[in-house]
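Chemist: First, the structure itself, so that you have it in front of you.
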Amino acid sequence: MGFLVGGCVRDLLLGLTPKDFDVATDALPEEVKKLFRNCRLVGRRFRLAHVFFGRETIEVATFRATSAPSQGDEPLPDTDPEDGEAPELDDESTTRAFDASGRILRDNVYGTIDEDVWRRDFTANALYYNIADFSIWDYVGGVEDIAARRLRLIGDPETRYREDPVRMLRAARFEAKLGFELDPDTARPITTLRELLSAVPPARLFDETLKLFLTGHGARSFEVLRRRGLLAALLPSVDSWFVSHPGSLVEKLLLQGLRNTDARVTEDKPVTPTFLFALLLYGPIAAIIEATPPERWHELATILDACDQAVREAQTHIAIPKRFALGVREMFALQPRLEHPRGRRALRVLEHPRFRAGYDLLLLRAEFGLAPPEMASWWTRLQEVTPAERERMADTLTGETRAPPASPRGGRRRRRRPKSRAAAPT
Ligand code: ATP
Ligand code: MG
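In terms of numbering that gives the first Met the number 0, the sequence shown opens at residue 0 and continues consecutively.
What follows is the structure, encoded as structure tokens:
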């Protein structure tokens with residue numbers, strides 16, 4: 000017995016193209032593995048079979064029994080098992096476990112379809128499409144909620160959020176992505192329970208952050224996260240920066256950057272977490288720079304320290320992989336070099352692996368008066384002309400580099416450039 004389930008059924012009913020296809024079945028993961036050669040079992044917390052068809056991965060989940068804590072569930076473990084590949088079954092992985100706050104640590108107790116439905120998050124995500132006879136099995140009023148564009152948690156919302164606080168972020172994501180309205184009972188507990196997100200493994204929050212911001216509706220996700228108080232739980236330093244700087248240019252820059260990213264997703268162009276985190280952390284980075292004496296604002300060491308501090312703070316909540324954290328650092332380190340190109344050495348910046356991201360950030364900064372627009376146009380032109388013309392452009396620059404210094408805050412201040420060349424290293 001195999002059903003299409005979850006987001007793909009919902010999206011098809013809405014006339015949207017599903018991002019991926021999830022299958023629910025009464026076959027055990029091991030049986031699925033026997034049936035398909037190109038199959039891998041994944042997940043310890045929630046065991047699944049991944050079946051590969053060319054470039055597509057179909058996620059096949061065995062029906063689960065209901066997930067509420069009940070007698071017979073094992074005692075609370077001290078450890079927090081993270082997801083990961085788990086090819087071997089052992090005693091631990093065939094059970095269900097909760098922590099003291101009611102959070103599900105593991106759910107590998109198998110059941111039937113009419114048990115499986117209750118452990119799904121929203122009614123709109125709990126429709127089963129029977130491939131055999133094209134019927135939709137709806138136990139929870141999901142068809143009606145989709146028609147009404149309503150997002151409603153199955154069961155008692157508070158319990159469901161406690162079981163898995165990520166459901167609060169999923170609510171925000173579907174609100175942003177689908178434009179659904181949150182049912183009042185589903186929305187209400189978020190205010191008081193959002194702090195539970197701090198108990199979620201940071202690697203999972205990283206994955207969820209990418210789904211929120213890099214799948215085509217990032218600008219709306221930002222708006223929803225702020226309105227629901229979830230940004231404060233996910234990235235407190237980012238939220239508090241926006242709270243203390245209402246209507247700032249940096250907020251406009253961030254939103255425009257997210258809109259540009261959304262447009263790239265729509266056009267199927269690549270997007271990167273590096274650029275996303277540079278946008279999100281712009282405010283906190285600027286705040287750290289501004290807390291240093293003004294004469295240091297434009298030094299490379301100041302900029303790098305600020306990036307490191309801001310990233311480190313974010314890392315306590317979201318596991319940002321090192322390569323992206325380093326990318327953010329390089330993007331900001333490039334800003335002074337882009338604002339004050341120095342003769343022919345400027346041309347080498349074009350070869351820098353982060354040039355494109357750094358240049359995109361410069362364009363955004365220039366758009367909002369946080370960097371000199373003439374320098375943004377200079378770099379745009381530089382990329383369009385022949386190598387000979389590039390050299391000429393670089394040569395005519397010499398001597399014009401005593402422009403105001405750079406900082407994420409903006410280069411508008413007229414200030415003597417410190418003698419140090421740290422802000423424009425080569
Ligand atoms: P997307 O469009 O992002 O793929 P989706 O609804 O398919 O949305 P998935 O993360 O692919 O989301 O999950 C597939 C299905 O598994 C969901 O529709 C839902 O029924 C169930 N599910 C996923 N995550 C959870 C969760 N944290 N709690 C309960 N059910 C979940
Ligand atoms: Mg899906």
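C-beta: ideal position from N, C-alpha, C; glycine also.
1. Of the choices 266, 267, 240, 173, whose alpha-carbon is the least far from that of residue 223?
2. Compute the beta-carbon to beta-carbon distance between residue 277 and residue 360, rounded to the nearest angstrom, for a pair I have assumed lies under 8 Å.
3. Provide the residue(s) that pair with residue 49 in DSSP beta bridges, ordered along the chain.
4. Since residue 378 is in the alpha helix (DSSP H), which residue starts that stretch and which ends it?
5. Using CA atoms only, rank isn't needed, just tell me which of 101, 158, 46, 130 is closest to residue 108.
6. How long is the line joining the alpha carbons of residue 22 and residue 4, rounded to whole angstroms?
7. On the CB-based measure, 16 or more other CB atoms within 10 Å of its CB, does residue 176 come out buried or exposed?
8. Which residue wins for smallest C-alpha separation from residue 60, given the options 35, 1, 10, 97?
9. Quick check: what's the CA-CA separation for residue 268 versus residue 262?
10. Based on the DSSP output, what are the partners of residue 21 in its beta bridges?
11. Quick check: the Cα distance between residue 320 and residue 207, rounded to an integer number of angstroms?
12. Residues in the same chain with beta-carbon distance under 7 Å from residue 190, minus the five sequence neighbours each way, listed in chain order, please.
13. Bridge partners for residue 129 per DSSP, in chain order?
14. Tell me which residues share the same chain as residue 195 and place their Cβ nearer than 6 Å to its Cβ, disregarding the 5 neighbours each side in the sequence.
15. Assess, as a yes-or-no matter, whether the region 142 to 157 is touched by the region 120 to 131 under the definition of 3 or more beta carbon pairs within less than 8 Å.
16. Nearest to residue 271 by alpha carbon, out of 260, 280, 281?
17. Near residue 64, which residues of its chain fall below 7 Å by C-beta distance, leaving aside the five closest residues on each side in sequence?
18. Under a three-way DSSP split, which group does residue 162 fall into?
19. Under 8 Å between the Cβ atoms of residue 317 and residue 234?
20. Among the residues of its own chain, which have a CB less than 7 Å from the CB of residue 345, if the five just before and after it don't count?
21. If you draw a straight line from the alpha carbon of residue 302 to that of residue 284, how long is it in whole angstroms?
22. Among 49, 292, 112, which one has its Cα closest to the Cα of residue 25?
23. Check whether the region 365 to 376 touches the region 242 to 254, taking contact to mean three or more Cβ pairs, one atom from each stretch, closer than 8 Å.
24. Applying the 10 Å Cβ sphere with the 16-neighbour rule, what's the burial state of residue 185?
25. Can you tell me which of 343, 322, 372, 101 puts its alpha carbon nearest to the alpha carbon of residue 353?
26. Answer yes or no: do residue 286 and residue 257 have a C-beta to C-beta separation smaller than 8 Å?
27. Which term fits residue 130, buried or exposed, when burial requires 16 or more other beta carbons within 10 angstroms of its beta carbon?
28. Please go through the region 309 to 393 and give each complete alpha helix (DSSP H) segment of 4 or more residues, from N-terminal end onward.
29. Mind checking who residue 95 pairs with in its DSSP beta bridge?
30. Decide if residue 19 is buried, meaning its Cβ has at least 16 other Cβ atoms within 10 Å, or exposed.
Modeler: Considering the structure as presented:
1. 173
2. 6 Å
3. 39, 58
4. 372 to 383
5. 46
6. 6 Å
7. buried
8. 1
9. 9 Å
10. 4, 58
11. 14 Å
12. 228
13. 2, 134
14. 164
15. yes
16. 260
17. 108, 109, 110, 114
18. helix
19. yes
20. 393, 396
21. 8 Å
22. 112
23. yes
24. buried
25. 322
26. no
27. exposed
28. 321 to 338, 344 to 348, 354 to 366, 372 to 383
29. 106
30. exposed
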